[in-house]
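Please read the structure below before turning to the comments.
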Amino acid sequence: MNNHIKAVLFDCDGTLAPMHMQVTDAVRCSVQRLARLVPVAIISSRDFHDISWLAKDLGLSAPQISEGGARIFDAQSGSCIDLRCLELADAKDILRLLDKNSLDFIAVDQDKRISSVNQISSWKISRITATSLTEKRASEIMNGLIDRKLLYTTKVQRTDNKEWMIDFTHSEGSKLAAAKRFAGLLGLSIKDLAAAGDGYNDIAMLMGCGYAIAMGQSPKELQSVAVYIAPSVENDGLSVAIEKFILPRIKNDLPFK
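Numbering (the working numbering), first residue to last: 32 to 288.
If you want it as structure tokens, here you go:
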């Protein structure tokens with residue numbers, strides 16, 4: 032790629048922070064330096080409550096992305112810019128499937144975190160996450176829903192206890208789809224973006240963006256699509272990627288406001 036990097040997307044857990052949204056001083060310094068030059072967004076399967084807090088903590092001003100790509104929101108006010116909810120039939124079928132198999136879940140209904148069907152009030156569900164799974168069980172459940180045309184499923188491994196989860200979103204609520212919308216909001220092409228991630232749910236996004244950065248501890252499937260492999264998150268890999276790979280590819284121009 033010969034294009035300059037004009038905006039940057041970072042996954043949260045395993046990329047921006049080792050776990051629990053605890054960003055190290057080195058990464059914080061590099062991210063804040065970068066954010067003075069180009070728009071920087073966190074893109075995470077976490078809900079907007081978490082990502083809004085983290086974006087404010089880091090002083091980010093560009094639109095942020097949560098719930099696996101289903102929601103784009105204003106970094107400072109938290110107001111929703113774009114929301115892609117699950118089709119009602121898909122949401123109900125997923126919840127029935129999880130209930131039938133006695134599987135726990137967490138979800139976001141409009142702007143509310145929920146963990147029970149009884150808590151649903153609007154049925155504007157942006158993301159359902161099945162929790163406490165093995166990788167094999169996650170793959171089995173995903174394969175059983177492969178014929179749903181407007182449903183996107185992806186498996187996610189937690190960084191703290193290493194358990195597996197499945198994120199269910201609308202097909203337009205994936206990280207890749209959100210990256211395209213994010214670029215459009217900024218008047219850019221997705222090829223103008225650099226993206227960094229560490230998990231299976233980052234693969235499509237990295238393949239779509241102009242510059243793909245994989246963390247050192249990420250699976251080989253992700254590293255194989257990357258143009259730069261950073262050190263692991265435990266070794267401040269994102270800071271290294273910013274300083275050695277991203278910043279040299281940003282055009283020297285007026286700082287981002």
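Every residue gets a Cβ at the ideal spot worked out from N, C-alpha and C, and that includes glycine.
Please read all numbers here as calculations on a predicted model, not as lab measurements.
Residues sharing a beta bridge with Y231, DSSP
Sequence index remark: in the sequence shown, residue 231 carries index 200 (1-based). Among the bridge pairs identified by DSSP, Y231 is matched with none.
Give the straight-line distance between the Cα atoms of Q63 and T200, rounded to the nearest whole angstrom.
Position 32 of the sequence shown, counted from the start, is the residue given in the question as residue 63. Position 169 of the sequence shown, counted from the start, is the residue given in the question as residue 200. The alpha-carbon separation between Q63 and T200 amounts to approximately 30 Å.
In its own chain, which residues sit with a C-beta less than 7 Å from the C-beta of D267, not counting the 5 before and 5 after it?
Here residue 267 refers to the residue found at position 236 of the sequence shown. Once the five neighbours on either side are set aside, the close Cβ partners of D267 are T55, A57, V58.
Which whole-angstrom value describes the C-beta separation of M238 and S263, a residue pair presumed to lie in contact below a C-beta threshold of 8 Å?
Numbered from 1 along the sequence shown, position 207 holds the residue referred to as residue 238. Numbered from 1 along the sequence shown, position 232 holds the residue referred to as residue 263. The C-beta separation of M238 from S263 comes to about 22 Å, leaving the pair out of contact by the 8 Å criterion.
Have a look at T160, D121, C111 and flag the residue whose alpha-carbon is nearest the alpha-carbon of L181.
Position 150 of the sequence shown holds residue 181. L181 has its Cα closest to that of D121, out of T160, D121, C111.
Report the rounded CA-to-CA distance for R280 versus S61, giving the unit in angstroms.
On the sequence shown, residue 280 is found 249 positions in, with the first residue counted as 1. On the sequence shown, residue 61 is found 30 positions in, with the first residue counted as 1. Roughly 15 Å separates the two Cα atoms.
Taking a contact to mean a Cβ-Cβ separation below 9 Å, would you say S157 touches R102 in this structure?
Position 126 of the sequence shown holds residue 157. Position 71 of the sequence shown holds residue 102. Contact: yes.
Anyone know if the C-beta pair for A226 and L40 falls short of 9 Å?
Walking along the sequence shown from the start, residue 226 turns up at place 195. Walking along the sequence shown from the start, residue 40 turns up at place 9. Their beta carbons are under 9 Å apart, which means A226 touches L40 by this criterion.
Would you call the region 172-190 in contact with the region 141-154, where contact means no fewer than 3 C-beta pairs closer than 8 Å?
When C-beta atoms of the region 172-190 are compared with those of the region 141-154, fewer than three pairs fall below 8 Å, so the two segments do not count as touching.
Which residues in the same chain as L129 place their Cβ atom closer than 7 Å to its Cβ, once the five residues preceding and following it in sequence are excluded?
In the sequence shown, counting from the first residue as 1, residue 129 sits at position 98. Beyond the five residues adjoining it in sequence on each side, L129 comes within less than 7 Å, by CB distance, of F136, A161 in the same chain, given in chain order.
Report all residues from its chain with a CB closer than 6 Å to the CB of Q141; omit the five preceding and five following residues, and keep chain order.
Position 110 of the sequence shown holds residue 141. So the list reads S153, K155, once near-sequence residues are dropped.
Helix, strand or coil, according to DSSP, for M17 in the structure here?
In the structure displayed, the chain extends from 32 to 288; residue 17 sits before or after that span and is not available.
Continuous beta strand (DSSP E) stretch holding A243: start and end:
Taking the first residue of the sequence shown as 1, we reach residue 243 at position 212. Residues 242-245.
Report all residues from its chain with a CB closer than 7 Å to the CB of I277; omit the five preceding and five following residues, and keep chain order.
For this step, residue 277 is matched to residue 246 along the sequence shown. Taken in chain order, the residues that qualify are I36, V39, L65, A225.
As assigned by DSSP and simplified to three states, the class of H51
Sequence index remark: in the sequence shown, residue 51 carries index 20 (1-based). It is coil, neither helix nor strand.
When you compare the region 227-237 with the region 85-95, are there three or more beta-carbon pairs, one atom per stretch, that lie closer than 8 Å?
These segments do not touch.
Report the rounded CA-to-CA distance for G109 versus A209, giving the unit in angstroms.
As a first step, residue 109 must be located in the sequence shown, where it is residue number 78. As a first step, residue 209 must be located in the sequence shown, where it is residue number 178. Cα to Cα, G109 sits roughly 17 Å from A209.
So does K87 have its beta carbon nearer than 8 Å to some heavy atom of the ligand COA?
Absent from the structure shown: the ligand COA. Ligands present: none.
Does Q248 pass the burial test, meaning 16 or more other C-beta atoms within 10 Å, or should it be called exposed?
Here residue 248 corresponds to residue number 217 of the sequence shown, with the count starting at 1. Its Cβ being crowded by 16 or more others within 10 Å, Q248 is buried.
From C111 to S202, what does the alpha carbon distance come to, in whole angstroms?
As a working mapping, residue 111 is identified with position 80 in the sequence shown. As a working mapping, residue 202 is identified with position 171 in the sequence shown. Rounded to whole angstroms, C111 to S202 spans 19 Å at the Cα level.
Please name the residue, chosen from L207, A261, D229, P250, that lies closest to G241 on a Cα-to-Cα basis.
As a first step, residue 241 is located in the sequence shown; it is residue number 210 there, counting from the start. The residue with the shortest Cα to Cα distance from G241 is L207.
Compare the beta carbon distance of L269 and L47 with 9 Å and say whether it is the shorter of the two.
Your numbering for residue 269 matches position 238 in the sequence shown. Your numbering for residue 47 matches position 16 in the sequence shown. Taking 9 Å as the Cβ cut-off, L269 and L47 qualify as a contacting pair.
Excluding the five sequence neighbours on either side, which residues of its own chain have a C-beta within less than 6 Å of the C-beta of Y117, listed in chain order?
Numbered from 1 along the sequence shown, position 86 holds the residue referred to as residue 117. A small correction: the amino acid at residue 117 is Leu; Tyr does not occupy that position in the sequence shown. If we look at L117 and ignore the five residues flanking it on each side, its Cβ neighbours are I156, H201.
Entirely within the region 134-183 and at least 4 residues each: give me those alpha helix (DSSP H) ranges in chain order.
Taking only runs of at least 4 residues, the alpha helix (DSSP H) segments lying wholly in the region 134-183 are 166-174.
Buried or exposed for I73, please, with buried defined as at least 16 other CB atoms from any protein chain shown within 10 angstroms of its CB.
Counted from its first residue, the sequence shown places residue 73 at position 42. In the assembly as shown, I73 is a buried residue. Its beta-carbon has 16 or more other beta-carbons within 10 Å.
Please say whether D42 and A52 have beta carbons closer to each other than 9 Å?
Numbered from 1 along the sequence shown, position 21 holds the residue referred to as residue 52. Numbered from 1 along the sequence shown, position 11 holds the residue referred to as residue 42. Residue identity differs from the one stated: residue 52 is Met in this sequence, not Ala. Contact flag unset, no.
Tell me the residue span of the beta strand (DSSP E) that contains I112.
Locating residue 112 in the sequence shown gives position 81, where the first residue counts as 1. Here the beta strand (DSSP E) through I112 covers 111-114.
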